[in-house]
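Peer 1: My questions will all concern the structure given below.
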Amino acid sequence: MVVNGSGTGATITDNVLDLYPNYNTYANSLNGTNADRAFWTNSSNGGVTPGPRGNKWMEANTYVESTVATDTAVFSGTVSAYSLASEFRAQAFIKLFDSNYNLVGTQSQPLTGQGNFSLSLDTFFYQGYRVQSGFMVSGTNANPAAALANGSLQVITQPSGGSVILINVGSGTTRTQAQAGYPSIPSAIVVTKTGSGTVVFDAANPYTGPTNINGGTLRVSNTAGLTASPVTINDGGTLAIAAANPTNLASVTVDVGGAMTLRSDVAQSVSLQSLAIKSVVQLTVDSGTMTNGFMNVSDLPSAGGAFQFGSQWAVPDLRADFTSGTSVTLAPCFVTDTSSFWYTPSGQPGATGNKIMEANVYGQADGTLAGKTVKFSGTVPSYSLLSGSGNWTVNAFVRDFSADYSSVTQSVVPISGTGAFSVSLATSSDPTRHVQWGLQTTGPDVWVTDLPSKGNVVVNALPVAAEGGKVDVGRGFVTVASGLTPVELVTAIVAGRADGSWTGATGITSTAAAAAVAVSTPRAVGWLDNGDGSVSFAYAAPGDTNIDWQVDVLDASNFLSFGKFDTGFAADWLEGDFNYDGVVDVLDAADFFGTGLYDAGNYNTGAGSAGSVAAVPEPSSLAFMAIGAGLLVARGVRRWSCSCAG
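Under our numbering, think of the first position of the sequence shown as 400, with each following residue one higher.
This is the structure in structure tokens:
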């Protein structure tokens, strides 16, 4: 929809565009000088008072710009209301520009009343060029006192080949896609949802261009509402899957602060081509990881500032003193060499440092932080360092170096006083790169006996809350065809599980499981490695190894036949690891028996059923309990035997 402009009076509400004559220049002249009023209005007394009308012809454009990616660029829509006065003109346009914004082609259509419009340009030979589509309103700059008489027009754009669509729904408002101006979306380059309200995709939308949810909620109530579009859910946005029947989606990326949700009142089935849940790697002051030191030495700025050398130094030699594992004191550097290379006139009390020393203490990860958002945080309880021109400065940084260290992308935050700080960087996905995080102190070298007068900076670790995207599986079952490994899946589930309450701010969680656990009913998020590169996760009860929403003889067989109990061998949910610690032991057996669901039927039949338990065990239940007791006895015998053998 409309995202750029050059002075058109326009408002956008729920993706409906209202266009007006331009009032800005006339209105701005009202409180201006006599010259302002004389220039912008037809004042009869040299600008002492403004005239009744403006006296400048305004040609104002409101438009979308995108890169050509189709053979034909089409811009179409409907003028749903028209009351524009005859002295003003409106038109729809589509324009094609090269990379230097030289006009290559254009089409326009006057808008003179209610009705549809459609414009197109052949772009087959112009891939990568820029296309603008939008509206122009022309006429004199209008007097706002005459706004009612001047009128306006209301436009709803319709999607078509090459469209860029912005759906903006305000706070507290829910709109169907038709109410938002798009009864269906057959094709589009980009669809973007903004505003804190909700738009409901209740029609089949086969478009393949990307969807960006930048705010509020995009609710999919039609199973074919979002089947082919790769979706990115950005900070503040939510993708809500509302269809009760099986729903297929393309790739979904849940960025930091974004969320994808399923319902907690029905057991949904959702299939994704891929799923990525972004998270922030939280780092802080830590003597165990910040073990690297590097010193860069340069001439003083007054001497030209030429770089002299850089080399690795031991952390203590950088004047970075870890007084504990989570606290470091930074101070100016000194060199014991008394030569004039380092000091003026020479090394002695009161001498002036002759070199700028840039001391870096940092942690480094080679490849393991590729493609992540890395955040380094800390807090400064004490700052007495002499700072300012010619003195020392302190920075916090995150850096992303190329494999050979020949280039770097970095984010730097100055530390100039007490208080908390943080610095973040989205790193490259190249696994050959090196990511560093830490602290840098820079300034002239100081003779050792003069150090106490220069002050220092104390930097402590800062515990921070987890940040990332979130998936709420509700009572549903989600299958991801590719791109999500079992390790990544379990990591996300553990984050969502949090302290066992299933109320984590990031990762994969379940509001249905959280509600059950809150009333002491064991529920969780189970997961399966399907063996073909796909994985599944779902609302589940411990003991439901195959996640068919009942605990029965098949689950008992899985728990026993895989032979992982008390072996210490790596295990997954199917094999009986219900607490995500990677092994099957007595804790998992207790989880299995603790649900009371064996042979009790489907436990996922809707809200309020989570606590249903069979009151009297059937014979098969008794048999299974006996098997479980046998497992525990066998475990005790093995341990007793091993103890005696020793």
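Built from N, CA and C at the ideal position, the CB exists for glycine as well.
Remember, predicted model here, so these are calculated numbers, not experimental data.
Which of helix, strand or coil does DSSP assign to alanine 719?
Peer 2: Taking the sequence shown and counting its residues from 1, one reaches residue 719 at position 320. The answer is strand: DSSP assigns alanine 719 an E or B state.
Peer 1: For glycine 1002, does the three-state DSSP call read helix, strand or coil?
Peer 2: Taking the sequence shown and counting its residues from 1, the one referred to as residue 1002 is at position 603. Glycine is not the amino acid found at residue 1002; the sequence shown has tyrosine there. DSSP places tyrosine 1002 in coil when its eight states are reduced to three.
Peer 1: Using the C-alpha atoms, what's the distance from glycine 615 back to tyrosine 419?
Peer 2: If you number the sequence shown from 1, residue 419 lands on position 20. If you number the sequence shown from 1, residue 615 lands on position 216. Taking the straight line joining both Cα atoms gives about 28 Å.
Peer 1: Identify which residue in Ser663, Thr920, Pro843 has its Cα closest to the Cα of serine 786.
Peer 2: Reading the sequence shown from its first residue, position 387 is the one you call residue 786. Nearest C-alpha to serine 786: Pro843.
Peer 1: Relative to the C-alpha of serine 465, which candidate in Asn859, Tyr481, Thr522, Phe487 has its C-alpha closest?
Peer 2: Sequence index remark: in the sequence shown, residue 465 carries index 66 (1-based). Residue Thr522 is the option with its Cα nearest to serine 465.
Peer 1: Tell me the rounded alpha-carbon separation between threonine 767 and serine 801.
Peer 2: The count along the sequence shown starts at 1 and reaches residue 767 at position 368. The count along the sequence shown starts at 1 and reaches residue 801 at position 402. Distance between the alpha carbons of threonine 767 and serine 801: 14 Å.
Peer 1: Mapping the DSSP letters down to three states, classify lysine 771 as helix, strand or coil.
Peer 2: Counting from one through the sequence shown, the residue named residue 771 turns up at place 372. Of the three classes helix, strand and coil, the one that applies to lysine 771 here is coil, per DSSP.
Peer 1: Just the Cα atoms here: how many angstroms apart are glutamate 887 and threonine 683?
Peer 2: The residue labelled residue 887 in the question sits at position 488 within the sequence shown. The residue labelled residue 683 in the question sits at position 284 within the sequence shown. Approximately 23 Å between the Cα atoms of the pair.
Peer 1: For tyrosine 581, is the classification buried or exposed, using 16 other Cβ atoms within 10 angstroms of its Cβ as the cut-off for buried?
Peer 2: If you number the sequence shown from 1, residue 581 lands on position 182. Flag for tyrosine 581 reads buried.
Peer 1: Assuming contact is defined by CB atoms lying nearer than 9 Å, are threonine 954 and phenylalanine 991 in contact in what I supplied?
Peer 2: Here residue 954 is taken as the residue at index 555 of the sequence shown, counted from 1. Here residue 991 is taken as the residue at index 592 of the sequence shown, counted from 1. Residue 954 is actually aspartate in this sequence, not threonine. Yes, the pair counts as a contact, with Cβ atoms nearer than the cut-off.
Peer 1: Look at the Cβ atom of valine 669, then the Cβ atom of threonine 905, and state whether they are nearer than 9 Å.
Peer 2: Against the sequence shown, residue 669 aligns to sequence position 270. Against the sequence shown, residue 905 aligns to sequence position 506. Not in contact: valine 669 and threonine 905 (Cβ atoms no closer than 9 Å).
Peer 1: Start and end of the beta strand (DSSP E) containing tryptophan 791?
Peer 2: On the sequence shown, residue 791 is found 392 positions in, with the first residue counted as 1. Looking at the DSSP string, tryptophan 791 is not in any beta strand (DSSP E), and its letter there is neither H nor E.
Peer 1: Is there contact between the region 686-704 and the region 898-916, where contact requires at least three CB pairs shorter than 8 Å?
Peer 2: Verdict: no, contact absent.
Peer 1: For asparagine 542, list the residues DSSP reports as bridge partners.
Peer 2: In the sequence shown, residue 542 corresponds to position 143, counting from 1. None; asparagine 542 has no bridge partner.
Peer 1: Please give the ranges of any alpha helix (DSSP H) in the region 605-656, keeping only runs that are unbroken, at least 4 residues long and fully inside the region.
Peer 2: DSSP runs (the alpha helix (DSSP H)) wholly in the region 605-656: none.
Peer 1: Out of curiosity, what's the CA-to-CA distance linking proline 813 and asparagine 794?
Peer 2: As a first step, residue 813 must be located in the sequence shown, where it is residue number 414. As a first step, residue 794 must be located in the sequence shown, where it is residue number 395. Distance between the alpha carbons of proline 813 and asparagine 794: 4 Å.
Peer 1: List the endpoints of the continuous beta strand (DSSP E) containing aspartate 871.
Peer 2: Within the sequence shown, the letter at position 472 stands for residue 871. Aspartate 871 -> beta strand (DSSP E) spans 869-871.
Peer 1: Do threonine 591 and asparagine 613 have their beta-carbon atoms positioned less than 9 Å apart in this structure?
Peer 2: Here residue 613 refers to the residue found at position 214 when the sequence shown is read from its first residue. Here residue 591 refers to the residue found at position 192 when the sequence shown is read from its first residue. Yes, the Cβ-Cβ distance between asparagine 613 and threonine 591 is below 9 Å.
Peer 1: When DSSP labels each residue in this structure, what does serine 517 get in the three-state scheme?
Peer 2: By 1-based counting over the sequence shown, the position of residue 517 is 118. Serine 517 falls in the strand class under three-state DSSP.
Peer 1: Tell me, which residues are paired with tryptophan 712 by DSSP?
Peer 2: Taking the first residue of the sequence shown as position 1, residue 712 is located at position 313. Partner(s): none; tryptophan 712 has no beta bridge.
Peer 1: If you pair each beta-carbon of the region 843-862 with each one of the region 625-643, do three or more pairs fall below 8 Å?
Peer 2: Touching, no.
Peer 1: According to the neighbour-count rule (16 or more other Cβ atoms, all chains shown, within 10 Å of its Cβ), is threonine 440 buried or exposed?
Peer 2: Looking up residue 440 in the sequence shown gives position 41. By the neighbour-count rule (16 or more Cβ atoms within 10 Å), threonine 440 is buried.
Peer 1: In whole angstroms, give me the CA-to-CA distance for phenylalanine 496 and glutamine 553.
Peer 2: Numbered from 1 along the sequence shown, position 97 holds the residue referred to as residue 496. Numbered from 1 along the sequence shown, position 154 holds the residue referred to as residue 553. About 27 Å.
Peer 1: Count the C-beta pairs between the region 996-1005 and the region 943-954 that are closer than 8 Å, then say yes if the count reaches three, no if not.
Peer 2: They touch, by the three-pair rule.
Peer 1: Does alanine 758 come out as helix, strand or coil in the three-state DSSP assignment?
Peer 2: Here residue 758 corresponds to residue number 359 of the sequence shown, with the count starting at 1. Looking at alanine 758 - three-state DSSP - the assignment turns out to be strand.
Peer 1: Can you name the start and end residues of the alpha helix (DSSP H) that aspartate 1046 belongs to?
Peer 2: Lying before the first or after the last residue shown, residue 1046 is absent from the chain, which here runs from 400 to 1045.
Peer 1: What residue does the alpha helix (DSSP H) around glycine 993 start on, and which one ends it?
Peer 2: As a first step, residue 993 is located in the sequence shown; it is residue number 594 there, counting from the start. 985-993 is the span of the alpha helix (DSSP H), which, as asked, contains glycine 993.
Peer 1: Starting from aspartate 954, trace the alpha helix (DSSP H) both ways and give me its first and last residue.
Peer 2: Counted from its first residue, the sequence shown places residue 954 at position 555. Residues 952-960.
Peer 1: Using C-beta distances below 6 Å, list every residue in its chain close to alanine 437, excluding the 5 sequence neighbours before and after it, in chain order.
Peer 2: If you number the sequence shown from 1, residue 437 lands on position 38. Contacts found: Gly445, Gly446.
Peer 1: Nearest-angstrom Cα distance between alanine 750 and glycine 770?
Peer 2: Within the sequence shown, numbered from 1, the residue matching residue 750 stands at position 351. Within the sequence shown, numbered from 1, the residue matching residue 770 stands at position 371. In a straight line, the C-alpha of alanine 750 is about 47 Å away from that of glycine 770.
Peer 1: Taking the alpha carbon of serine 852 as the reference point, which residue from Glu866, Cys732, Ser900 has its own alpha carbon closest?
Peer 2: If you number the sequence shown from 1, residue 852 lands on position 453. It is Cys732.
Peer 1: For glycine 895, I'd like the list of residues in its chain whose CB is within less than 6 Å of its CB, leaving aside the five on either flank, ordered along the chain.
Peer 2: Residue 895 sits at position 496 when you count from the first residue of the sequence shown. Once the five neighbours on either side are set aside, the close Cβ partners of glycine 895 are Gly903, Gly906, Ile907, Thr908.
Peer 1: If you drop the 5 nearest sequence neighbours on each side, which residues of the same chain put their C-beta closer than 6 Å to that of serine 686?
Peer 2: Within the sequence shown, numbered from 1, the residue matching residue 686 stands at position 287. Here the set comprises Phe721, Gly724.
Peer 1: Taking Cβ positions, are alanine 491 and glycine 550 nearer each other than 9 Å?
Peer 2: Against the sequence shown, residue 491 aligns to sequence position 92. Against the sequence shown, residue 550 aligns to sequence position 151. No.
Peer 1: Threonine 778 and alanine 865: beta carbons closer than 9 Å?
Peer 2: On the sequence shown, residue 778 is found 379 positions in, with the first residue counted as 1. On the sequence shown, residue 865 is found 466 positions in, with the first residue counted as 1. No, Cβ-Cβ distance for threonine 778 and alanine 865 is not below 9 Å.
Peer 1: Since alanine 917 is in the alpha helix (DSSP H), which residue starts that stretch and which ends it?
Peer 2: Reading the sequence shown from its first residue, position 518 is the one you call residue 917. Start and end: 910-917.
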